[in-house]
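Have a look at the structure below, then the notes.
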Amino acid sequence: MEISKNKALLVRDSARTGIDNMRIDDCLLQRAVPEGPIVVRIYRWSEPTLSLGHFQQIEDLVDDPAGISQPSLNRLPWVRRKTGGGAILHDQEITYSFVIPASKGLLDKGANEVLYRAVHEAVRDGLIRLGLEASLSENCTCSVAKKSGDEEPFLCFQRRTPVDLVVGAHKVLGSAQRRTRAGLLQHGSLLLRASGEFGALLGIQDIGKIPSEFLWEEWLVDRLCEGLGTILPLNYEVLELKDLGYLLK
Amino acid sequence: MSIQPEQLKYCDSHEWVYAPADANGVATVGISAFAVAELNDLVFMALPSVGQKLAAGQEFGEVESVKAVSPMYSPVSGEVTEVNSGLVDRLDQLNADPYDQGWMMKIKMSDPSEIAKLMDYQAYQKMISQHG
Chain A
652 MEISKNKALL
662 VRDSARTGID
672 NMRIDDCLLQ
682 RAVPEGPIVV
692 RIYRWSEPTL
702 SLGHFQQIED
712 LVDDPAGISQ
722 PSLNRLPWVR
732 RKTGGGAILH
742 DQEITYSFVI
752 PASKGLLDKG
762 ANEVLYRAVH
772 EAVRDGLIRL
782 GLEASLSENC
792 TCSVAKKSGD
802 EEPFLCFQRR
812 TPVDLVVGAH
822 KVLGSAQRRT
832 RAGLLQHGSL
842 LLRASGEFGA
852 LLGIQDIGKI
862 PSEFLWEEWL
872 VDRLCEGLGT
882 ILPLNYEVLE
892 LKDLGYLLK
Chain B
32 MSIQPEQLKY
42 CDSHEWVYAP
52 ADANGVATVG
62 ISAFAVAELN
72 DLVFMALPSV
82 GQKLAAGQEF
92 GEVESVKAVS
102 PMYSPVSGEV
112 TEVNSGLVDR
122 LDQLNADPYD
132 QGWMMKIKMS
142 DPSEIAKLMD
152 YQAYQKMISQ
162 HG
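Now the structure itself:
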């Protein structure tokens, strides 16, 4: 008997402003319907932008060691995500998002780690094949911060959760989620190179010997399909964003 | 006040509501011990404002755990009369006691008959046991 596959729409989008990028992902989550397709989007940002976790305030950056040491962060355009976690500097990185409708049975509150892990392990295995010593962090700055009474660092890539992907001491992939009755939105950011706005965070290209012309978007699409495919059998259709117009109104 | 889980009505999204006959139509709302355990390591919570009007099933607040933001839905319609605002800074109270200390809001119900549509304790226990 043939196993029925879930329909997934794959969009390799162009670079957009922070406001547009977040608006599109919010729309895709709001329009998620039972038995509707999973939508996967890969995109960049048209200018260096900070995206804040849903509960973060931009004022908190001023008191954060990263904000004090790198005041240029305070001057960047910023947008708030619907997903949790810390702020991300979107510059030399690729962002992914996917929306899974509630009907796919992955919305139990305890199921979030399953999705983080599926994607991060696929990226980890891909990086290992590229010769990088990638692993899941297995550390958690949240628990450390709670015990000490300190706040976690403002920037996501200075924090650690056990499923974050690291190469040596450097975090290169982090993800976050939002859940509603309609479905689940997961965001993630793959750090390729250090940003001129904040050089302390190294990316994959800074650590590994990978040709500068390496096609990371294609590579990340394959890893996402691989990771999600370990949870749900998926049948992908590649589209452009304009083809999703009906979901973005 | 001492709220026992057996006295409560529940939503499938894991909120509980306590609406005794002598409360003049004011219901107390929170989230179940099961939801607190599933959420694991809560770091942020947002609650509604006093005076806010809510419809049954409408979002009244949000929680963040393990970088996932999840909404909480009001079990009944009405106007928020009181909020346990101190809970936001003492989320560990939810782990210790999601019913008495962990209540989130009180709401003056506009349609108390909505309570009858919710699950009782036994039905809720059956639902969560099927989560595996």
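Order-wise, the sequence lines are chains A and B. Here the first sequence is numbered in our numbering, starting from 652 and rising by one per residue. Here the second sequence is numbered in our numbering, starting from 32 and rising by one per residue. Quick reminder that beta carbons are idealized off the backbone N, C-alpha and C, glycines included.
Contact check for N126 of chain B against V97 of chain B fails: the beta carbons are separated by 8 Å or more. One alpha carbon belongs to D801 of chain A, the other to D715 of chain A, and they sit about 11 Å apart. Within chain A, the residues R829, R830, T831 and R832 have their CB atoms less than 9 Å from the CB of P102 of chain B, given in chain order. Annotation note: the region 709-733 of chain A contains the following uninterrupted alpha helix (DSSP H) runs of length 4 or greater, listed N- to C-terminal: 710-714 and 716-720.
N763 of chain A reaches chain B at V97 and A99, counting residues in chain order whose Cβ is nearer than 7 Å.
Chain B has no Cβ within less than 8 Å of the Cβ of K822 of chain A. Annotation: the continuous beta strand (DSSP E) that includes M76 of chain B extends over L73 to A77. DSSP, reduced to helix, strand and coil, places N657 of chain A within a strand of the structure shown. A direct Cα-Cα distance of roughly 26 Å separates M136 of chain B from L835 of chain A. Under the Cβ criterion of 8 Å, H705 of chain A is counted among the residues facing chain B.
Assigned with DSSP and collapsed to three states, W867 of chain A falls in helix. Put simply, of A:L892, A:R775 and A:L843 the residue whose alpha carbon is nearest the alpha carbon of I861 of chain A is A:L843.
Put simply, the CB of D120 of chain B is far from chain A, with every gap to its CB atoms at 8 Å or more. Measuring C-alpha to C-alpha distances from R667 of chain A to each of A:L660, A:D676 and A:T831 identifies A:D676 as the nearest. In this structure, Y747 of chain A keeps its C-beta atom at 8 Å or more from the C-beta atom of L866 of chain A. Residues of the region 50-75 of chain B whose Cβ lies closer than 8 Å to any Cβ of chain A, in chain order: A66, E69, L70, N71, D72, V74 and F75.
Take the alpha-carbon of I689 of chain A and the one of N657 of chain A: they are about 8 Å apart.
For the region 101-143 of chain B, the continuous alpha helix (DSSP H) assignments of 4+ residues that do not extend past its boundaries occur at 123-127, in sequence order. Between A147 of chain B and G117 of chain B, the alpha-carbon positions lie close to 30 Å from each other.
At the C-beta level, A87 of chain B and V107 of chain B come within 8 Å of one another.
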